[in-house]
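Some notes on the structure that comes next.
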Amino acid sequence: MQRAGTVKPLRVGLLLEARASDGYAAALCDWLAESRDLELALVLVSDGEPAGRAGRRRRSAAQGPTAPRTPLLFAAVMAIERQLLRHYEAHRAHLAVVDVPALAAARGVPVRSVAPPGLALAVGAAEVFDETSADVSTDALPAISHAELAGLELDLLVCCDGVACDERLGRAARLGAIGIDYRRDQITGSAPIGFWETYHRARKTGFAIVRPGPAGEAGQVLVEGAFRTKYSFLLNQAHLFCKAHAQLRRLLGDVATTRQLPAARDPVPYSGCCLAPPGSLHALLYAFKLAGRLGMRGARRVLGIRHKWTLSVTRSGWRNAALWRGVPVAAPHGHFWADPFLRVHAGRVYCFVEDYVYATNRAHISVLEITKADVKCLGVALQEPFHLSFPFLFEYGGHLYMCPETSESNQIRIYKCDEFPLRWTQDSVAIDGISAADSMFFEHRGRWWLLTSIDRSGLNDHCSELCLFHAPDPLGGAWTPHPMNPLYIDTDMGRNAGLIVDEGRIYRAAQRQGFDQYGEGLALYEIVELDETRYSERKVTDIRHDYLQRSLGSHHISSDGNVTVVDFKTHCFAP
C-alpha cells in the first residue's frame with residue numbers, strides 16, 4: 035500500500051510453476067509482502083492444477099536426474115545427501131514444500147492461474163522438493179487472462195521455482211520479467227543443480243539473474259556470480275540457492291530505488307560441455323567420492339586434526355620477495371596467527387595479527403615485533419567478547435586507527451590508538467547493521483574509500499561479494515554506496531586479503547577460494563580507475579600457496595617495502 039509522502043512502491047508479481055513450491059519462493063513472498071519499497075501485487079501459478087497432480091509431476095521431474103536405468107542407485111545417494119543436510123541448520127528447510135499461494139492469500143494478495151505461451155521448466159529445481167513436508171491445497175485457482183494481467187500495471191514479474199517466463203508474458207509488466215538461472219548453457223534442464231560442480235571438484239558454482247529474451251533466443255544477463263563449491267551436491271545446491279536468492283532480493287531493492295533494471299551484460303561464448311544427467315557409473319563414482327570425503331572429514335575429527343595458519347616473513351619488498359625464502363613464524367601452543375598487517379613505528383617494524391585461540395574458537399588482535407634477529411609477541415592489542423581478525427590499520431588526522439573484522443557485531447567498527455601499540459579504544463562505527471568482513475580504508479583524490487566483503491544470506495559467508503563505499507572522511511559515518519555495487523560476486527575476487535600502497539599506486543590483494551576450501555590462494559590487483567561512478571582494476575599476479583610443500587593455502591599479504599609477510603595454512607593436531 036502506498037504511504038502518504040512516500041514514493042509509490044514497486045508493484046511486483048510472482049510467477050510459480052505450481053502450487054507446491056520451495057521455501058525460497060515462500061521466503062521471497064514474505065519478504066516482498068513486508069517490504070516498504072515493494073508491493074507484492076499478484077501471485078501467478080503457471081497452470082493452476084491441483085497440488086496433488088503437481089506434486090506427482092514434480093516427483094516425476096525429480097526422478098529425471100536418476101535416469102531410468104539407475105533409480106535405486108541415485109535414490110540411495112539422495113538419501114545419504116538428505117541425511118547430511120540435516121546436520122546444517124541453515125539448510126534443513128531446503129527440501130521443504132510450501133503452499134505459496136496459500137501464504138499469499140492469507141496476506142490478502144490476489145492469487146491466479148495463468149497459461150502463458152511457451153512456458154517451460156528452465157532450471158530444473160524440481161529435484162529439491164519433498165512433497166511430504168507440507169500440506170498443499172488441492173483447490174483449483176481462478177484463472178486470469180493476459181489482458182487482465184496487463185491491466186494490473188505491474189512493474190516487474192519475478193519467475194520463481196524453476197519456471198522460465200516467456201518473453202511475451204513478461205510484456206505484461208513495465209520492466210518485463212526476471213528470474214534466477216542456475217544452468218544457462220552448461221547443463222540440461224533435467225540434471226541436478228550443483229551436482230557436476232561437486233562431482234568434478236570445481237572451485238565455484240555459479241548463477242545468473244536473467245531477463246528472458248524472445249522465444250529461441252538467450253536471455254539477457256543482469257547479474258551473475260559464483261560461490262565456493264561444497265563437498266556434497268545437495269549442500270552445494272542449498273548454499274547456491276540461498277546466496278542467489280539473497281542477490282535477487284538485493285536486485286529488487288535496487289530496482290525499487292532506481293525504478294529500472296540494471297544494464298544487461300555483454301554476452302560471451304560458453305566453451306564448456308553440455309553435461310547430461312548422471313548415469314549409473316557417475317552415480318556410483320560420486321558415491322565413492324562422497325564416501326571418501328566424509329571419511330576424511332570424520333578421520334580429521336576423530337584424530338583432532340585442525341587447520342593452522344602460520345606467518346612467513348621475507349626480508350624484502352613485495353615485488354622482489356621470493357616467498358620460498360620466507361622464515362615461518364608459528365604462534366604459541368594452542369594458538370595460530372593469520373591476517374598480518376605491518377606497521378613501521380619509530381624505526382621499528384610491528385605486525386598486527388589475528389591471534390586465534392583453539393580453546394575458545396575465537397580470536398583477538400595481538401602485536402608482534404619483527405627484528406633482524408627474531409619475531410616476538412608483545413601482547414594483546416584488542417579483545418572483544420566476539421571474534422576479531424583482519425586488523426587493518428590507517429592514519430587520519432595525525433592519529434592511527436584500526437578496523438578489524440567484527441562481523442559478529444553486525445558493524446564495521448573503527449578503533450583509535452591511545453598508546454602504540456597495545457592500547458586501543460572504539461572510536462566510531464563506520465556502517466551499522468551490516469554483516470561485513472575484511473574492510474579496508476584508504477584516501478584517494480580527496481575522498482575516503484571503503485572496500486568490504488558483505489554477506490546478505492545469513493550464512494556468515496563473506497567470500498564472494500565485494501562492495502565499495504565513499505565518504506568525505508572515514509570517521510563521520512556518512513558512507514555512500516558506489517553505483518557499481520557489488521563490484522564482484524565471485525570467490526576469486528570477492529574477499530580482501532590486504533592492501534599495498536607503493537609509490538602512489540594502490541594494490542588490492544584478493545583471496546581465492548578452492549573446492550570446499552577457504553583461503554586456497556590470493557592475487558594482487560592494481561586499482562586503475564576510481565571515482566564516484568567508476569571502479570576498475572587489473573590483475574598483477576597470482577600468489578600461490580605451494581612455495582612450501584606442506585602448505586594447503588594462503589590468504590593474506592602485507593609489505594612495508596623492506597619486509598613482506600604472508601600467511602599459509604597447514605594441518606595440525608588439536609592443541
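Taken in order, the sequence shown gives residues 35 to 609; the numbers are from my numbering.
All C-beta atoms, glycine included, are put in the ideal place defined by N, C-alpha and C.
Same chain only: Cβ atoms within 6 Å of residue i, ignoring 5 sequence neighbours per side
i: isoleucine 540; result: Ile561
i: alanine 272; result: His125, His128
i: glutamate 403; result: Tyr384, Lys410, Leu412
i: isoleucine 178; result: Arg146, Val148
i: glycine 57; result: Ala127, Ala130, Val132
i: lysine 278; result: What sits at residue 278 in the sequence shown is alanine, not lysine. Once the five neighbours on either side are set aside, the close Cβ partners of alanine 278 are Ile214, Phe241.
Endpoints, beta strand (DSSP E) assigned at residue i
i: tyrosine 541; result: 539 to 548
i: asparagine 530; result: 530 to 536
i: alanine 242; result: 238 to 245
i: leucine 376; result: 369 to 379
i: tyrosine 559; result: 551 to 564
i: serine 266; result: Segment: none, serine 266 is in no beta strand (DSSP E) and carries neither H nor E.
i: phenylalanine 322; result: That residue, phenylalanine 322, is in no beta strand (DSSP E); its alpha helix (DSSP H) goes 314 to 337.
i: aspartate 302; result: Checking the sequence, you will find valine at residue 302 rather than aspartate. It is not in any beta strand (DSSP E) - valine 302 carries neither H nor E in the DSSP assignment.
i: leucine 502; result: 499 to 505
i: valine 134; result: Unbroken run through valine 134 is the alpha helix (DSSP H), 134 to 140; no beta strand (DSSP E).
i: histidine 433; result: 433 to 439
i: cysteine 193; result: 190 to 193
i: arginine 202; result: Premise fails: arginine 202 lies in the alpha helix (DSSP H), 201 to 204, not in any beta strand (DSSP E).
i: tryptophan 65; result: Tryptophan 65 -> not in any beta strand (DSSP E); alpha helix (DSSP H) instead, spanning 57 to 68.
i: phenylalanine 229; result: No beta strand (DSSP E) contains phenylalanine 229, which is instead part of the alpha helix (DSSP H) from 229 to 233.
i: alanine 470; result: 470 to 478
i: phenylalanine 424; result: 423 to 430
i: alanine 393; result: Careful: alanine 393 lies outside any beta strand (DSSP E) and carries neither H nor E.
Span separating the alpha-carbon of residue i from that of residue j
i: arginine 396; j: proline 419; result: 9 Å
i: serine 462; j: tyrosine 449; result: 7 Å
i: glutamate 566; j: serine 498; result: 22 Å
i: arginine 202; j: serine 147; result: 16 Å
i: glutamate 123; j: arginine 335; result: 19 Å
i: arginine 447; j: proline 144; result: 44 Å
i: glycine 253; j: proline 455; result: 55 Å
i: lysine 573; j: leucine 558; result: 6 Å
i: glycine 185; j: proline 311; result: 41 Å
i: proline 301; j: lysine 406; result: 54 Å
i: isoleucine 591; j: leucine 509; result: 26 Å
i: serine 570; j: glutamate 258; result: 17 Å
i: phenylalanine 261; j: glycine 381; result: 43 Å
i: proline 43; j: valine 192; result: 15 Å
i: leucine 74; j: valine 134; result: 13 Å
i: serine 593; j: isoleucine 534; result: 7 Å
i: leucine 502; j: glutamate 442; result: 20 Å
i: threonine 604; j: leucine 78; result: 52 Å
i: leucine 493; j: proline 438; result: 20 Å
i: arginine 237; j: aspartate 524; result: 11 Å
i: proline 362; j: serine 346; result: 4 Å
i: alanine 60; j: glycine 368; result: 45 Å
i: alanine 52; j: leucine 118; result: 28 Å
i: arginine 217; j: arginine 245; result: 14 Å
i: leucine 49; j: arginine 584; result: 52 Å
Residues near residue i in its chain [Cβ-Cβ closer than 7 Å; skip 5 each side]
i: glycine 595; result: Gly351
i: proline 248; result: Glu201
i: leucine 66; result: Val46, Leu72, Leu74
i: leucine 521; result: Leu500, Cys501, Leu502, Tyr569
i: alanine 364; result: Thr344
Contact belief for residue i with residue j at Cβ below 8 Å, rounded distance in angstroms
i: glycine 553; j: histidine 589; result: 3 Å
i: glutamate 115; j: serine 314; result: At roughly 17 Å, the Cβ-Cβ gap does not stay under 8 Å, so glutamate 115 and serine 314 are not in contact.
i: phenylalanine 375; j: tryptophan 343; result: About 14 Å separates the two Cβ atoms, so there is no contact after all.
i: leucine 274; j: threonine 239; result: 5 Å
i: arginine 284; j: arginine 568; result: The Cβ separation is near 21 Å, so there is no contact.
i: tryptophan 483; j: histidine 504; result: 5 Å
i: glycine 555; j: arginine 546; result: 5 Å
i: serine 487; j: alanine 512; result: Not a contact, Cβ separation roughly 21 Å.
i: alanine 207; j: aspartate 189; result: 6 Å
i: serine 55; j: aspartate 195; result: 5 Å
i: arginine 618; j: proline 506; result: Limits of the chain in this structure are 35 at one end and 609 at the other, which puts residue 618 out of reach.
i: isoleucine 212; j: leucine 183; result: Contact doesn't hold; Cβ gap of about 16 Å is too wide.
Cut-off 8 Å between Cβ atoms - residues of its own chain near residue i, not counting five sequence neighbours on either side
i: glutamine 294; result: Leu209
i: alanine 608; result: Gly338, Ile339, Arg340, Tyr392
For residue i, the first and last residue of its enclosing alpha helix (DSSP H)
i: histidine 180; result: 180 to 184
> Within the chosen definition, does the segment 468 to 475 reach the segment 428 to 446 through at least 3 CB pairs nearer than 8 Å?
Replying inline: These segments touch.
> Between the segment 527 to 539 and the segment 302 to 320, are three or more C-beta pairs nearer than 8 Å?
Replying inline: No: the two stretches stay apart, fewer than three of their Cβ pairs being nearer than 8 Å.
> Does the segment 595 to 607 come close enough to the segment 341 to 360 that 3 or more CB-CB pairs lie under 8 Å?
Replying inline: Yes, since at least three Cβ pairs between the segment 341 to 360 and the segment 595 to 607 fall closer than 8 Å, the two stretches touch.
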